[in-house]
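Participant: Just passing along the structure, written as C-alpha cells.
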Amino acid sequence: MPITATPTPGAKLLNPHDHTLVMIDFQSQMAFATHSIDPVQLRSNAALVANAAAGFGASTILTTVAEKSFSGPMFDEVTTPFPNQKLLDRTSMNTWEDVAVIARINDIGKSRIVLAGLWTSVCIVGPALSAIDQGFEVFVIADACGDISAEAHERAMQRMIQAGVQPITSLQYLLELQRDWARTETYAMTTGIAQKWGGGYGLGINYARAMFNAHEG
C-alpha cells in the first residue's frame with residue numbers, strides 16, 4: 001500500500017514550546033580547561049542558543065556549580081538574554097541529582113530536555129543518561145558543549161547517542177525553532193541572531209542584504 005506524504009513537520013522536530021532547555025556550567029573555571037572547541041566559538045554557540053531560546057520563549061533553566069566558591073560566574077552571553085532569571089547553583093556534578101533543578105523540571109512539566117554546557121563527559125552525560133532513564137526524550141547541542149579534549153567530548157557524545165540522545169547543533173536549534181521563513185513574527189529575530197552569532201552563515205546574511213537587499217522566503 002503506498003504511503004501518502006503530507007506537508008506537516010515530523011514529530012521528532014523541536015518547536016519552541018515542547019521542550020525545556022537546560023544550560024549547564026558555562027563558567028570560567030570550566031572553560032579554562034575546555035580544549036575540544038575554541039573558546040570564542042564556544043561562547044558564540046552558547047550565545048546563539050541562549051538568544052534563540054529567549055527569543056522564541058522556550059522554557060529554560062540556567063544552572064551553575066559552586067559559582068561563588070570555585071567555578072565563577074556564568075558567561076554573560078548566556079545570562080544576558082534572561083535578565084530576570086535566577087541561576088540555580090549546585091554542589092552536584094550531575095545536574096539531575098539537584099533537588100532545585102528537578103523541582104523546576106517538574107514545574108515546567110515537559111517531556112523533552114535539551115542540554116548544553118561544560119563538560120560534555122560529566123555535566124552533560126550525567127543529566128542526559130539520568131533523564132533518559134526516567135523516560136524523557138533528550139537532545140544535546142553538541143557544539144555548545146565542550147570538554148578537556150576532543151577525545152573526551154567525542155566519547156561522551158558517542159556514549160549518550162548509544163543511550164538514545166539525539167545530537168543537534170546550535171545553528172540547527174535556532175533554525176529548527178523558526179523552520180519556516182514565512183513566520184514573519186520571528187523572521188527578523190532569527191536572522192538577527194544568526195547575523196550576530198551564526199559565523200559564516202551570519203556573514204552571508206549581511207552580504208546578501210547589503211548587496212541585493214535579499215531575504216529568505
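Going letter by letter, the sequence shown gives residues 1 to 217 in my numbering.
Glycine is no exception: its CB is placed at the ideal position from the N, C-alpha and C atoms.
#1: What did DSSP end up calling Ala54 once you bin it into helix, strand or coil?
#2: Which ranges would you report for the beta strand (DSSP E) in the stretch 111-192 if only whole runs of at least 3 residues count?
#3: Is the beta carbon of Thr60 closer than 9 Å to that of Arg118?
#4: Go ahead and pull the three-state DSSP assignment for Asp25.
#5: Does the Cβ of Arg90 have 16 or more other Cβ atoms within 10 Å, making it buried, or fewer, making it exposed?
#6: Have a look at Ala116 and Pro2 and give me their C-alpha separation to the nearest angstrom.
#7: Among Leu62, Pro81, Leu48, Leu177, whose alpha-carbon lies nearest the alpha-carbon of Ile102?
#8: At which residues does the beta strand (DSSP E) containing Ile61 begin and terminate?
#9: Return the CA-CA distance between His153 and Phe136, expressed in angstroms with no decimal places.
#10: With DSSP collapsed to three states, give me the class of Asp89.
#11: When you compare each of Asp76, Asn51, Ser92 to Ala188 by their alpha carbons, which one comes out closest?
#12: Determine the direct distance from the alpha carbon of Thr186 to that of Asn15, and round the result to whole angstroms.
#13: Apart from the five residues just before and just after Ile113, which ones in its own chain have a Cβ nearer than 6 Å to its Cβ?
#14: Count the other CB atoms, across all protein chains shown, that sit within 10 Å of the CB of Asp38; report buried if there are 16 or more and exposed otherwise.
#15: Taking contact to mean 3 or more Cβ pairs, one atom from each stretch, closer than 8 Å, check whether the stretch 73-82 and the stretch 43-58 are in contact.
#16: Mapping DSSP to helix, strand and coil, what is Met1?
#17: Nearest CA to the CA of Thr64: which residue from Ala156, Asp25, Gly72?
Facilitator: This is what the structure holds:
#1: Collapsing the DSSP output to three states places Ala54 in a helix.
#2: Listed in chain order, the complete beta strand (DSSP E) runs (minimum 3 residues) inside the stretch 111-192 are 112-118, 137-146, 166-168.
#3: The sequence as given places Leu at residue 118; Arg does not occur at that position. Taking 9 Å as the Cβ cut-off, Leu118 and Thr60 do not qualify as a contacting pair.
#4: Asp25 falls in the coil class under three-state DSSP.
#5: Here Arg90 is buried: its Cβ has 16 or more other Cβ atoms, across all protein chains shown, within 10 Å.
#6: Cα-Cα distance, rounded: 40 Å.
#7: Here the closest residue by C-alpha is Leu62.
#8: Where Ile61 is concerned, the enclosing beta strand (DSSP E) stretches over 59-65.
#9: Spanning the alpha carbons of His153 and Phe136 requires a straight line of approximately 22 Å.
#10: Taken through DSSP and simplified to helix, strand or coil, Asp89 comes out as strand.
#11: The residue with the shortest Cα to Cα distance from Ala188 is Asn51.
#12: For Asn15 and Thr186, the distance between alpha carbons rounds to 13 Å.
#13: Once the five neighbours on either side are set aside, the close Cβ partners of Ile113 are Thr20, Ala131, Phe136, Val138.
#14: With fewer than 16 Cβ atoms within 10 Å of its Cβ, Asp38 is classed as exposed.
#15: Yes, they touch.
#16: It is coil, neither helix nor strand.
#17: Nearest option by C-alpha distance: Asp25.
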